[in-house]
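**Student:** Residue numbers (UniProt numbering): 1 to 705. Backbone N, C-alpha and C define an ideal beta-carbon position, used for all residues, glycine too. In this text, all values refer to a predicted model and were calculated from it rather than measured experimentally.
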């Protein structure tokens, strides 16, 4: 038997280990907040005797906060894994947050999984549509050919409309969505399920069952490798049940067919049927293409397979901190086997594309590259936050490792003598800035330490220390994400406040002019003498600073000409206004000057150059420049008018629109950065979370008065 319980654990809560990747199923649960994903996980754990009763998944955990509401809220924004066993197969259920701000946790769950289970509440039909954000998640899974099934949950809800919700799922998710079971009711109460393929129980077939069965069979055999099946079926031949089940698995694995299973978790209805689908219909790790891999030095490497004896390649899909054991790394093993008391190589090279709006500690918008060998002490099987020691973790399985000091979310864990690097998964850029500051000087150390832990654990959080505004800015996915980050900062011992984010500005001269920079001091002792006549003129946007020497006849000695330029550049960095905005896009032409054979010096001519620029600001006037960003917004067509109007209200200039797939439009615009500080929040509200956008710096332009 491939699955066994560790004899050191009490009955019903044993540690599950596997020796064959074919006996593993990694299933991520996807769906909106309130759909009942966590309740479903707990019901399945209770159904398979992993926990003693539904709702007790946290019994014996290492979580210190025993307030149920607080624990559930914490889990609602974090990915968690719950393994169970059914039919000699280990099923790793990966529970993900339902709110859009935590897309990083969702993407991590998709990375760790081989199939997705969409959990849709039976009350969804009363709203007329499936949550648009859930439809976007479905499309995201479809883009990577992720096998999918649908669970209609909470069938005992007062507003439950099971048939209507199944129809809504078919409308929202497109072709290939069909129920495997129909509800059996007694006086309006759901009492069981009727299996369309098996026709059981035979004496309780609901109305319309045969028509639904016919549509289901046609959908399944369309994906069959046996091209004669459809002809045989249409000819009236009864197709054998084992053949239909085999073809069902093929259709699901290809991502072309999506079975729907109604479930009532509290009444234990549909749970066994769901488990059968997960084992018999979802692919094993052997059937799922693994992410590309390279050598750490960038050299090519053959494509990996889920071979327990192959080269070790695993990935940290989540990082968390435990009050007792320290850093905990949740790891999906793609190839090879992780064993206790072994030395591994941990490497992380950051995402491929820097964030256009953030600058990390190393100055390039990425987490710093890192490579380190570390020794594993133990390997654990996670159940929520409970860690149970196991003998190892083979390819295709999920485990937890502790005390990997350098490991961050997204890092690759490989053999120390054969280090590898898995291609990281794509993540959207965090686009909501939140400026934080320590409340007291004593909170500064705690703030720095906690921030480093949060950035290591959350790849959707970017840290910027802005040298111009002197602010610490956290770039978050949205308001809910920002609230969680702030609460974790405070939980880490740092009392922090927030302040308005300041956008770095620039200034330039309003018009050309000729000025004199004069620095003469001869009151006793060694004097200072420097006079320079400089013509200043504004340049086109993006030109920067140009310095030209037109001195003739040696009125300014050659050795002091660079000093004049240095003085002007120093004043440029200091700015010309009370806000000290750096100066850009000007040309300074040194045309004449005077020097003294004794009192002139490098320092004197630097001062004269700076004074000349300040004099030019007084005589020529200055203009404030604001950063302009190029923005790309992808939206459903029905929101086009409202989004265009909103961009206009933000002083945006629309550059064009184009089709971006069925029912979607891509808008390209230029918008002042000051108008985009809360655009991530406002765009989500305008489009019910269905729109996405990117932004990148374009140039500086004159700000309105």
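(1) By the DSSP assignment, the beta strand (DSSP E) with residue 635 in it spans what residues?
(2) Using beta carbons (cut-off 9 Å, strictly below), is residue 191 in contact with chain B?
(3) Between 675, 213, 393, 184, which has its C-alpha nearest residue 413's C-alpha?
(4) Name the DSSP bridge partner or partners of residue 464?
(5) Could you check how far apart the C-beta atoms of residue 149 and residue 259 are, in whole angstroms? I think they sit under 8 Å.
(6) Could you check how far apart the C-beta atoms of residue 277 and residue 180 are, in whole angstroms? I think they sit under 8 Å.
(7) By a C-beta neighbour count over all protein chains shown, 10 Å radius and 16 as the cutoff for buried, is residue 692 buried or exposed?
(8) In three-state DSSP terms, what is residue 145?
(9) Where do the ends of the alpha helix (DSSP H) carrying residue 651 lie?
(10) Taking residue 331 and residue 399 to be in contact with their CB atoms under 8 Å, please state how far apart those CB atoms are, rounded to whole angstroms.
(11) Could you check whether the segment 422–431 touches the segment 447–463, counting it as contact only if at least three pairs of C-beta atoms, one from each stretch, sit closer than 8 Å?
(12) Can you list, in chain order, the residues of its chain whose CB lies under 8 Å from that of residue 318, leaving out five sequence neighbours each side?
(13) Taking 8 Å as the limit between beta carbons, can you name the residues of its chain near residue 654, skipping five residues before and five after?
(14) How many whole angstroms separate the CB atoms of residue 24 and residue 340, which I take to be in contact at a CB cut-off of 8 Å?
(15) My assumption, with CB atoms under 8 Å, is that residue 244 sits in contact with residue 220. Please give the rounded CB distance.
(16) In the DSSP assignment, the alpha helix (DSSP H) including residue 682 goes from what residue to what residue?
(17) Give me the Cα-Cα distance between residue 139 and residue 32, rounded to the nearest whole angstrom.
(18) Go through its chain and collect everything with a Cβ distance to residue 272's Cβ below 6 Å, but skip five positions before and after it.
(19) Are residue 706 and residue 177 close, meaning C-beta to C-beta below 9 Å?
(20) Sorted by chain position, which residues of the same chain lie with C-beta nearer than 6 Å to residue 694's C-beta, five sequence neighbours on each side aside?
(21) CB-CB under 8 Å to residue 216, same chain, minus the five flanking residues each way: which ones, in chain order?
(22) I'd like the span of the alpha helix (DSSP H) that includes residue 234, first residue to last.
(23) Quick check: what's the CA-CA separation for residue 548 versus residue 573?
(24) State buried or exposed for residue 441, treating a residue as buried only when at least 16 other CB atoms are found within 10 Å of its CB.
(25) Give me the Cα-Cα distance between residue 346 and residue 488, rounded to the nearest whole angstrom.
(26) Look at the alpha carbon of residue 481 and the alpha carbon of residue 391, and state the distance between them as a whole number of angstroms.
(27) With H, G and I counted as helix, E and B as strand and the rest as coil, what does DSSP make of residue 598?
(28) If we ignore side chains and look at the alpha-carbon of each, how far apart do residue 369 and residue 612 end up?
(29) I need the boundaries of the beta strand (DSSP E) containing residue 314, first residue and last residue.
(30) Kindly indicate the opening and closing residues of the beta strand (DSSP E) around residue 444.
(31) Helix, strand or coil: how does DSSP classify residue 23 here?
(32) Just mark residue 384 as buried or exposed, buried being the case when its beta carbon has 16 or more other beta carbons within 10 Å.
(33) Hey, residue 379 and residue 338 are a contact pair by Cβ (cut 8 Å); roughly how many whole angstroms apart?
(34) Below 8 Å on the Cβ atoms is my guess for residue 435 versus residue 500; work out the distance and round it to an integer in Å.
(35) Taking the straight line between their C-alpha atoms, what separation do you get for residue 688 and residue 225?
(36) Who pairs with residue 332 in a beta bridge, going by DSSP?
**Tutor:** Once the coordinates are examined:
(1) 622–636
(2) Chain labels in this structure do not include chain B; a single protein chain is all it has.
(3) 393
(4) 473
(5) 5 Å
(6) 7 Å
(7) buried
(8) coil
(9) Where residue 651 is concerned, there is no enclosing alpha helix (DSSP H), because DSSP gives it neither an H nor an E.
(10) Correct: roughly 6 Å between the Cβ atoms.
(11) yes
(12) 78, 79, 105, 108, 329, 330, 409, 457
(13) 644, 647, 648, 667, 668, 669
(14) Between residue 340 and residue 24 the Cβ distance is about 20 Å, and since that is not below 8 Å, they are no contact.
(15) Confirmed, about 6 Å.
(16) 679–687
(17) 15 Å
(18) Exclusion of the five residues before and after residue 272 leaves no residue of its chain whose Cβ lies closer than 6 Å to its Cβ.
(19) Given that the chain is displayed from residue 1 to residue 705, the structure contains no residue 706 and the question cannot be resolved.
(20) The residues are 632.
(21) 178, 179, 180, 196, 197
(22) 229–234
(23) 19 Å
(24) exposed
(25) 26 Å
(26) 37 Å
(27) coil
(28) Rounded to whole angstroms, residue 369 to residue 612 spans 45 Å at the Cα level.
(29) 313–322
(30) First-last for residue 444: 443–457, but that is the alpha helix (DSSP H), not the beta strand (DSSP E).
(31) helix
(32) buried
(33) 6 Å
(34) 7 Å
(35) 41 Å
(36) 315, 398
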